[in-house]
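What follows is a single structure, written as structure tokens, with notes after it.
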Amino acid sequence: MAATAENKALCCRACRKPLFLATQLAPAHERPATASARTPPCTSYFLDALPAWVADVATSGAVEGKLVCACGSKFGSFNWSGAQCSCGAWVVPAIQVPKSRVDARATCLGGWV
Ligand SMILES: [Zn+2]
Ligand SMILES: [Zn+2]
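Oh and the sequence shown: position 36 is 43 in my numbering, straight run, nothing missing.
Have a look at this one:
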């Protein structure tokens, strides 16, 4: 992995268009004090804030909802009351993007977000 977080974008796995930049991701979780060798690693990215282009969804008053790419592919979800990461960490509010739904690349189709 030569590319640093700063020059990466997270792209929709279905249409390859950019969803957000790696710099918009929340820092990786500390391993909880209760973590053991069997505690799974984080299987999702978490965002510090919703990208502007999906903010409409979140201001509709819903406490939780889906994050959907322009192509119709669901790439994540948000829950203002929080959600638990696979590693055991609670994230509040949670803007969660499973790593399996997006590709981290230097550039996506069509450039930047
Ligand atoms: Zn897409
Ligand atoms: Zn985690």
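By construction, the Cβ of each residue, glycine as well, lies at the ideal position given by its N, Cα and C atoms. All of these numbers come straight from a predicted model, not from anything done at the bench.
Candidates the options: closest to residue i by CA position
i: TYR52; options: ALA69, ALA29 and ALA44; result: ALA29
i: ARG38; options: TRP97, LEU116 and ALA101; result: TRP97
i: PRO58; options: GLY117, ALA111, LEU17 and ASP110; result: LEU17
Alpha carbon of residue i to alpha carbon of residue j, nearest angstrom
i: GLY89; j: ARG23; result: 28 Å
i: ALA113; j: LYS15; result: 4 Å
i: VAL75; j: VAL104; result: 11 Å
i: GLY72; j: VAL61; result: 11 Å
i: VAL99; j: GLN91; result: 9 Å
i: LYS106; j: THR50; result: 6 Å
i: ARG108; j: CYS115; result: 14 Å
i: LEU26; j: ALA42; result: 31 Å
i: TRP87; j: ILE102; result: 8 Å
Range covered by the beta strand (DSSP E) that runs through residue i
i: LEU26; result: 25-28
i: ASP22; result: A small fix is needed here, since residue 22 is Cys in this sequence, not Asp. Where CYS22 is concerned, there is no enclosing beta strand (DSSP E), given that its DSSP letter is neither H nor E.
Whole-Å CB distance - residue i paired with residue j, under 8 Å assumed
i: SER80; j: CYS19; result: 6 Å
Cutoff 8 Å: residue i Cβ touching any chain C Cβ
i: LEU17; result: Reference to chain C is not applicable here, since this structure consists of a single protein chain.
Where are the beta strand (DSSP E) runs, 3 residues long or more, that stay fully inside the stretch 43-119, in chain order?
Counting only runs of 3 or more, we get 51-53, 71-75, 81-86, 101-105 and 109-112.
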